[in-house]
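S.K.: So the sequence lines, in the order shown, correspond to chains A and B.
Take the first sequence: its position 86, counted from the start at 1, is 139 in the working numbering, and no numbers get skipped.
Take the second sequence: its position 210, counted from the start at 1, is 499 in the working numbering, and no numbers get skipped.
Have a look at the structure that comes next, please.
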Amino acid sequence: MILRADRLTKQYRNRIAVDRVSFELKEGVTGLLGANGAGKTTLMRMLTGVLDPTGGEVAADGIPVASEAYRALLGYLPQDFGYYPEFTVWDFVMYFAALKGLDRPTARRRTEALLDRVGLTDAAGRRMKTLSGGMRQRAGIAQALVNDPRILILDEPTAGLDPGERVRFRNLIRELGRHSIVLFSTHIVSDVEHIADQVMMMNAGRLIWRGRWDESDGSLEDFYMKAFGEDAAHEAVFDAVGL
Amino acid sequence: MNRALRAQIRGAFSFPEPKRKRAFMQRLRPRGIGMAALVWTQAAYIRRGVWCACGVALLLALLSARRFPGDAARLMGALLPFAAGIAVLETRRSRECRMAELERATRFSLRSVVFARMAAIGIADLAVILLSAAALSLGSGRPALRTAAQIGAPYLATAWAGLYIERTPLGRNHSYLSMAVAAAVSALALGGEAIGLPLSALPSGAWGAAAGALAVLTAREVCMTLNMTEEWV
């Protein structure tokens with residue numbers, strides 16, 4: 054499968070959030086790096102069909118982003134998401150399984166397996182509002198994976214996870230990348246270094262660099278600091294230590 | 290092949306590991322799902338309070354039809370606006386609970402999800418109105434259609450005004466305005482006669498015309514609300 058973004062643009066009145074971004078993604082993990090306000094979230098929301106672009110197109114194997122067929126292929130974890138207050142973790146994942154068109158027995162089976170995979174089996178009956186930030190994030194990851202998506206878009210998925218959870222999550226993403234197109238955004242350069250097959254960097258709404266990053270290319274962190282300046286580097290450090 | 294032999298073969302040879310099974314499964318076309326299935330799914334996730342309001346309204350209709358047959362239609366006309374207010378509150382849940390973004394990225398559009406939710410509640414409320422009208426007309430001896438129009442009009446007036454207000458900045462920032470509308474319509478239905486509105490003396494045709502006009506206005510408001518759902522994200 055090929056996910057193709059062609060001259061994707063989003064303009065808000067006098068500000069261009071994403072400026073003619075084009076790329077093609079195949080199965081594998083792609084890390085999207087960029088400072089705050091670089092346009093990462095806007096780009097991801099357009100790739101999921103949540104936000105309509107001002108210009109340009111998104112399609113997966115020719116299936117346009119606005120179609121039900123595209124959304125059937127999609128798993129999405131936004132940066133910040135809510136939940137219905139009466140939902141337990143189980144209800145939360147089952148609800149999205151239903152909205153993604155899974156029949157009830159399949160939904161139960163997938164929910165059970167995914168809650169086990171993200172370490173929430175014991176918390177399945179707990180209400181979402183009683184969970185810690187990290188547990189809530191894991192529930193969000195479970196809902197994104199419930200339909201076994203071929204395109205997985207994760208906006209800051211490791212935010213709020215403790216170091217152990219982050220390592221576990223990295224392994225999960227790496228495994229998913231073998232069968233699916235995984236695009237994840239982060240400030241944490243080491244996450245990208247560990248799991249991404251390729252890296253995309255955004256600055257001021259533009260894609261400034263895209264490609265594979267090998268150890269022979271030097272430190273990605275150094276490159277990132279040069280590309281985005283000291284502020285972005287500070288942000289990355291603060292994010293990494295959870296501040 | 291007998292069962293014992295089959296078991297022996299199964300014990301002696303392990304199943305081959307699936308090759309590219311997952312890739313194959315991912316390529317399968319997802320099963321089609323109709324709107325009726327989506328309405329049914331959403332009905333399971335609607336707050337219990339909504340169904341309780343329907344149940345209480347129906348119960349009170351049955352009780353009042355027996356105890357106050359003359360006034361029962363007026364009482365129901367005053368009660369049902371609250372069911373409408375609760376229904377309007379339910380339409381804003383995705384936005385209020387910040388679920389709109391996740392729901393929009395699923396197979397169904399957010400518009401379909403909100404429509405399914407409105408349809409589930411609308412069907413339940415319509416059933417309550419029709420069953421109540423049947424019970425009340427049996428008690429009072431008035432035509433069932435007139436009773437349905439008389440108790441349905443305040444419901445529709447609340448739904449129309451509530452949905453309209455929900456679309457305004459004021460309504461978006463104040464969750465319970467639809468309940469305030471419900472209270473106002475309820476007070477009018479209950480005390481209209483006291484301020485000189487000849488509600489009970491209105492002919493059946495006038496009630497029917499009022500209910501019809503309000504149904505059209507409510508349907509228009511539903512469409513406009515659905516068109517706005519994409520802006521919730």
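Using N, Cα and C, we set each Cβ at its ideal position, and we do this for glycine too.
Predicted model, so just to flag it, every value in this text is computed and none were measured.
Could you check whether the Cβ of Leu168 of chain A sits closer than 9 angstroms to any Cβ belonging to chain B?
M.R.: Locating residue 168 of chain A in the first sequence gives position 115, where the first residue counts as 1. So no, Leu168 of chain A is outside the interface.
S.K.: Starting from Asp72 of chain A and walking both ways along the beta strand (DSSP E), at which residues does that stretch end?
M.R.: Along the first sequence, read from residue 1 onward, the residue named residue 72 of chain A stands at position 19. Asp72 of chain A -> beta strand (DSSP E) spans 68-78.
S.K.: Considering only C-alpha positions, which residue in the set B:Gly338, B:Val522, B:Arg456 is nearest to Arg509 of chain B?
M.R.: Reading the second sequence from its first residue, position 220 is the one you call residue 509 of chain B. Selected option, being the one with the closest Cα: B:Arg456.
S.K.: Return no unless some Cβ of chain A is closer than 9 angstroms to the Cβ of Tyr334 of chain B.
M.R.: Within the second sequence, the letter at position 45 stands for residue 334 of chain B. For Tyr334 of chain B, the answer is yes, since a Cβ of chain A falls inside 9 angstroms of its Cβ.
S.K.: Quick one: which chain A residues come within Cβ less than 7 angstroms of Thr330 of chain B?
M.R.: As a working note, residue 330 of chain B is residue 41 in the second sequence. Residues of chain A whose Cβ lies closer than 7 angstroms to the Cβ of Thr330 of chain B are, in chain order, Ala151.
S.K.: Does Gly135 of chain A have its Cβ less than 9 angstroms from a Cβ in chain B?
M.R.: In the first sequence, residue 135 of chain A corresponds to position 82, counting from 1. Answer yes: the Cβ-Cβ gap between Gly135 of chain A and chain B drops below 9 angstroms somewhere.
S.K.: Please report the residue range of the beta strand (DSSP E) in which Val339 of chain B lies.
M.R.: Within the second sequence, residue 339 of chain B is the residue found at index 50, counting from 1. Careful: Val339 of chain B lies outside any beta strand (DSSP E), inside the alpha helix (DSSP H) at 337-356.
S.K.: When the cut-off is 9 angstroms and only beta carbons count, does Glu482 of chain B lie next to chain A?
M.R.: The residue given as residue 482 of chain B occupies position 193 in the second sequence. It does not; no Cβ of chain A falls within 9 angstroms.
S.K.: With distances taken between CB atoms, is the gap from Leu214 of chain A to Arg191 of chain A smaller than 9 angstroms?
M.R.: For the purposes of this step, residue 214 of chain A is identified with residue 161 of the first sequence, where counting begins at 1. For the purposes of this step, residue 191 of chain A is identified with residue 138 of the first sequence, where counting begins at 1. Yes.
S.K.: Using beta-carbon positions only, say whether Ile206 of chain A and Ile226 of chain A come within less than 9 angstroms of one another.
M.R.: As a first step, residue 206 of chain A is located in the first sequence; it is residue number 153 there, counting from the start. As a first step, residue 226 of chain A is located in the first sequence; it is residue number 173 there, counting from the start. Not closer than 9 angstroms, so no.
S.K.: Listed in chain order, which residues of the segment 429-463 of chain B have Cβ atoms closer than 7 angstroms to some Cβ of chain A?
M.R.: none
S.K.: Specify the secondary structure class of Ala293 of chain B as computed by DSSP and reduced to three states.
M.R.: In the second sequence, the residue the question calls residue 293 of chain B occupies position 4. Residue state, collapsed to three classes: helix.
S.K.: Measure the C-alpha to C-alpha separation of Ala413 of chain B and Ala437 of chain B and round it to an integer number of angstroms.
M.R.: Walking along the second sequence from the start, residue 413 of chain B turns up at place 124. Walking along the second sequence from the start, residue 437 of chain B turns up at place 148. Straight-line Cα distance between these residues: approximately 15 angstroms.
S.K.: How far does the beta strand (DSSP E) with Ala112 of chain A in it reach, from first residue to last?
M.R.: Within the first sequence, the letter at position 59 stands for residue 112 of chain A. Note, Ala112 of chain A: beta strand (DSSP E), 108-113.
S.K.: Hey, Leu86 of chain A and His240 of chain A: beta-carbon distance below 9 angstroms or not?
M.R.: What you label residue 86 of chain A is simply residue 33 of the first sequence in a count that begins at 1. What you label residue 240 of chain A is simply residue 187 of the first sequence in a count that begins at 1. Yes, the Cβ-Cβ distance between Leu86 of chain A and His240 of chain A is below 9 angstroms.
S.K.: Counting only runs that start and end within the segment 359-385 of chain B, where is the beta strand (DSSP E) found for 3 or more residues in a row?
M.R.: Within the segment 359-385 of chain B, there are no complete beta strand (DSSP E) runs of at least 3 residues.
S.K.: Return helix, strand or coil for Arg153 of chain A, following the three-state DSSP convention.
M.R.: Position 100 of the first sequence, counted from the first residue, corresponds to residue 153 of chain A. It is worth fixing the name first, because residue 153 of chain A is Lys in this sequence and not Arg. When secondary structure is reduced to three states using DSSP, Lys153 of chain A falls in the coil class, being assigned neither helix nor strand.
S.K.: Under 9 angstroms between C-beta atoms, does Glu519 of chain B make it to chain A?
M.R.: Looking up residue 519 of chain B in the second sequence gives position 230. At least one chain A Cβ lies under 9 angstroms of Glu519 of chain B.
S.K.: Give me the Cα-Cα distance between Leu184 of chain A and Asp144 of chain A, rounded to the nearest whole angstrom.
M.R.: Taking the first residue of the first sequence as 1, we reach residue 184 of chain A at position 131. Taking the first residue of the first sequence as 1, we reach residue 144 of chain A at position 91. Distance between the alpha carbons of Leu184 of chain A and Asp144 of chain A is about 14 angstroms.
S.K.: Verify the CB distance criterion: does Val71 of chain A have a CB-CB separation below 9 angstroms to chain B?
M.R.: Taking the first residue of the first sequence as position 1, residue 71 of chain A is located at position 18. Output row for Val71 of chain A: interface = no.
S.K.: Hey, which unbroken runs of the alpha helix (DSSP H) at 4 residues or more fall wholly within the segment 402-469 of chain B?
M.R.: 433-456, 458-462
S.K.: Show which residues of chain B have a CB atom less than 7 angstroms away from the CB atom of Thr101 of chain A.
M.R.: Translated into the one-based positions of the first sequence, residue 101 of chain A becomes position 48. Ordered by position in chain B, the residues that pass the 7 angstroms Cβ test against Thr101 of chain A are Ala394.
S.K.: How about Val474 of chain B and Ala500 of chain B: are their beta carbons less than 9 angstroms apart?
M.R.: Along the second sequence, one-based indexing puts residue 474 of chain B at 185. Along the second sequence, one-based indexing puts residue 500 of chain B at 211. The answer is no: Cβ separation not under 9 angstroms.
S.K.: I need the straight-line Cα distance from Gly172 of chain A to Val252 of chain A, nearest angstrom please.
M.R.: For this step, residue 172 of chain A is matched to residue 119 along the first sequence. For this step, residue 252 of chain A is matched to residue 199 along the first sequence. One C-alpha to the other measures close to 28 angstroms.
S.K.: According to DSSP, which residues form a beta bridge with Lys63 of chain A?
M.R.: The count along the first sequence starts at 1 and reaches residue 63 of chain A at position 10. According to DSSP, Lys63 of chain A bridges with A:Val71.
S.K.: At 7 angstroms on the CB atoms, spell out the chain A contacts of Met388 of chain B, in chain order.
M.R.: Along the second sequence, one-based indexing puts residue 388 of chain B at 99. Residues of chain A passing the Cβ test: Gly135, Tyr136, Tyr137.
S.K.: Determine the direct distance from the alpha carbon of Leu419 of chain B to that of Arg73 of chain A, and round the result to whole angstroms.
M.R.: Reading the first sequence from its first residue, position 20 is the one you call residue 73 of chain A. Reading the second sequence from its first residue, position 130 is the one you call residue 419 of chain B. Counting only the Cα atoms, Leu419 of chain B lies some 56 angstroms from Arg73 of chain A.
S.K.: Once you ignore the five residues that flank Arg57 of chain A on each side, which residues in its own chain have a CB closer than 6 angstroms to its CB?
M.R.: As a first step, residue 57 of chain A must be located in the first sequence, where it is residue number 4. Closer than 6 angstroms at Cβ, skipping near neighbours: Glu77, Ala112.
S.K.: Please identify the residue among A:Trp266, A:Gln196, A:Ser233 whose C-alpha is closest to the C-alpha of Arg309 of chain B.
M.R.: Walking along the second sequence from the start, residue 309 of chain B turns up at place 20. It is A:Ser233.
S.K.: Specify the secondary structure class of Thr239 of chain A as computed by DSSP and reduced to three states.
M.R.: Walking along the first sequence from the start, residue 239 of chain A turns up at place 186. It is a strand residue.
S.K.: Look at the alpha carbon of Ala389 of chain B and the alpha carbon of Gly178 of chain A, and state the distance between them as a whole number of angstroms.
M.R.: Here the question's residue 389 of chain B lines up with position 100 in the second sequence. Here the question's residue 178 of chain A lines up with position 125 in the first sequence. One C-alpha to the other measures close to 23 angstroms.
S.K.: According to DSSP, Val82 of chain A sits in a beta bridge with which residue or residues?
M.R.: The residue labelled residue 82 of chain A in the question sits at position 29 within the first sequence. DSSP, once it has assigned bridges, lists A:Val235 as partnering Val82 of chain A.
S.K.: Over what stretch of residues does the alpha helix (DSSP H) that includes Met324 of chain B continue unbroken?
M.R.: One-based indexing of the second sequence puts residue 324 of chain B at position 35. Unbroken alpha helix (DSSP H) run through Met324 of chain B: 324-334.
S.K.: Please compile the residues from chain A whose C-beta is within a distance smaller than 7 angstroms of the C-beta of Ile322 of chain B.
M.R.: What you label residue 322 of chain B is simply residue 33 of the second sequence in a count that begins at 1. Chain A residues near Ile322 of chain B: Gly154.
S.K.: Kindly list the residues whose CB is nearer than 7 angstroms to the CB of Phe397 of chain B, restricted to its own chain and excluding five residues on each side of it in sequence; keep chain order.
M.R.: Position 108 of the second sequence holds residue 397 of chain B. The answer, listed in chain order, is Leu327.
S.K.: For Met365 of chain B versus Ile440 of chain B, is the C-beta spacing smaller than 9 angstroms?
M.R.: Counted from its first residue, the second sequence places residue 365 of chain B at position 76. Counted from its first residue, the second sequence places residue 440 of chain B at position 151. Yes; because the gap between Cβ atoms is below 9 angstroms, this pair is in contact.
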